[in-house]
Every structure is written in structure tokens, then in C-alpha cells.
Amino acid sequence: NGWLAISPSSAEKHSLPREAFVATEGQYAGRPDLGTLVAPIAGKPAQALEEGKLRSMESLTHRAARARSVLQGKGLPFQVVCNRAIILGMPDVQADKKGQLQKGEIVRGFPSGSWLQLDGGVAAGSWVQIDSLSSDSTGPSLEAQWAKFTVRSAFLEALIIEWPGLQLERRVTYAVEWRSNSTHGESNEGRGSNGGHAVSKTTRIHLTEI
42 NGWLAISPSS
52 AEKHSLPREA
62 FVATEGQYAG
72 RPDLGTLVAP
82 IAGKPAQALE
92 EGKLRSMESL
102 THRAARARSV
112 LQGKGLPFQV
122 VCNRAIILGM
132 PDVQADKKGQ
142 LQKGEIVRGF
152 PSGSWLQLDG
162 GVAAGSWVQI
172 DSLSSDSTGP
182 SLEAQWAKFT
192 VRSAFLEALI
202 IEWPGLQLER
212 RVTYAVEWRS
222 NSTHGESNEG
232 RGSNGGHAVS
242 KTTRIHLTEI
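Residue numbers (the working numbering): 42 to 251.
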């Protein structure tokens with residue numbers, strides 16, 4: 042019908058909505074002068090796609106191993122915030138399903154990109170996507186408990202916030218980012234009206250001019 046459905050893995054890779062489509066011909070996008078926009082890959086596309094998928098999984102597995110080393114083998118706590126989160130055998134949306142987690146459950150694991158490799162329990166070594174895999178949720182599947190902040194004090198243009206942080210022997214520097222929720226498009230140069238960031242060597246920070 043002139044449109045190509047983007048696979049969930051490709052949508053994730055390019056930060057697209059889970060249900061994304063692309064026009065195969067310019068005429069379907071209101072630009073008939075562009076002609077053909079998307080065409081099948083010549084040769085062995087299935088083999089090329091499979092090789093690319095394997096490289097991606099190897100990279101994610103390597104990054105999870107690196108996180109395990111940095112975190113001294115102690116998985117970070119995450120809470121399930123969607124109705125259900127799918128447990129997969131590999132960091133791929135088409136991998137075999139190993140089970141599911143229910144909303145409110147706390148799990149531990151090692152983050153790797155948008156994935157978490159589970160640590161401990163019968164599902165140790167399996168994977169859960171941090172962004173939702175469930176059709177009944179469009180938000181994240183997991184929320185990092187170590188980064189969940191609490192507002193200790195609020196002022197007209199400032200906040201004091203705290204968060205649990207990482208329990209490591211080595212020193213950690215945290216980056217805090219924020220964005221304005223203003224709908225009026227106002228901009229006050231230098232006052233952080235569009236957002237900003239700050240760093241802290243502790244699990245407490247005083248944000249000003251926000």
C-alpha cells in the first residue's frame with residue numbers, strides 16, 4: 042500500500058515510536074518528484090540483518106559486563122512501572138520470552154543502553170527492556186531506584202533535591218538535567234527557562250535559576 046512498517050528493533054535504534062512507518066514512494070508522502078524512496082536490499086538481506094543483530098547483541102552484552110565490573114558485581118535496583126515487563130533470553134525484541142515482571146516489582150541488574158541484564162534469581166542473565174515492550178504501556182518499563190529524587194526544599198526559582206545514589210567505594214559524579222514544562226514558548230536567556238544541567242559529587246544538589 043506504499044508504506045513500510047518499521048520493525049520494533051529498528052524503531053528503538055533510531056528513537057522512533059514503536060509503531061512507525063515510512064513511505065516507499067514519494068507520491069505517498071506528497072512528493073511524487075522524489076520517485077522511489079525505499080527499495081529491497083539486493084543480495085542477502087536476511088543474512089546482513091542477522092549479522093547486524095548479532096553485533097548489536099554482542100555490544101550490549103559487553104557493555105553489561107563492563108557495568109558489572111564498574112558496579113563491583115552489585116546490580117542496580119529498578120522498579121517495574123508498567124503493567125508488565127517482558128523477560129527475554131537476549132537483548133533483542135524478537136528473542137525467546139522467559140517470563141514477565143509485574144508492576145511494582147523490584148529487580149536488580151546491569152544497564153546496557155536501553156536494556157537491563159538481570160542479576161540474581163531464576164532469571165539471572167536474562168534481559169528486560171528499560172523502555173516498554175508492552176502493548177498496554179507507552180512509557181518506560183523500569184525506573185532506576187538509585188536515581189529517584191526527592192525534593193527537600195522548594196523556592197521560587199530553586200530546588201534542593203536528593204537521591205539514593207550508587208553504593209560504591211569509588212567516587213561518583215552525578216549529572217542532573219532538567220527541562221521546562223512551559224507551554225508559552227517563553228525564553229529568559231541565562232535563566233535556564235528551557236532546561237539545563239548541573240553536576241554534584243554527592244547525592245544532594247541545590248538547583249538555582251530554574
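All C-beta atoms in this analysis are idealised placements derived from N, C-alpha and C, irrespective of residue type, glycine included.
One alpha carbon belongs to LEU117, the other to PHE62, and they sit about 35 Å apart. Contact between the segment 232-248 and the segment 213-224 is present: three or more C-beta pairs spanning the two stretches fall below 8 Å.
With contacts defined by Cβ atoms closer than 7 Å, ILE202 and PHE190 form a contacting pair. By the CB criterion at 7 Å, VAL134 and PRO81 fall outside the cutoff. According to the DSSP secondary-structure assignment, GLY236 is paired through a beta bridge with no residue. Burial state of ILE127 is buried, judged by a 10 Å Cβ sphere holding 16 or more other Cβ atoms. Judged by DSSP secondary structure, ALA52 falls within the alpha helix (DSSP H) whose first and last residues are 49-54. Distance from the CA atom of THR77 to the CA atom of GLY71, rounded to whole angstroms, is 12 Å.
Note on geometry: alpha-carbon atoms of ARG193 and ARG220 lie some 19 Å from one another. In the DSSP assignment, ALA216 falls within the unbroken beta strand (DSSP E) covering 215-219. The C-beta distance from CYS123 to LYS144 rounds to 6 Å, short enough to meet the 8 Å contact threshold.
As DSSP reads the structure, GLN158 sits in a beta bridge with PHE151, TRP168. ARG149 is a Cβ neighbour of GLY161, given a cutoff of 7 Å. Within the same chain, PRO132, SER153, GLN158 come within 8 Å of THR102 by CB-CB distance, once the 5 residues on both sides are set aside.
A straight-line Cα-Cα distance of about 6 Å links LEU45 and ALA64. About 7 Å separates the beta carbon of ILE251 from that of ALA199, a gap short enough to meet the 8 Å contact definition. Going by C-alpha positions, VAL169 is about 9 Å away from GLN141.
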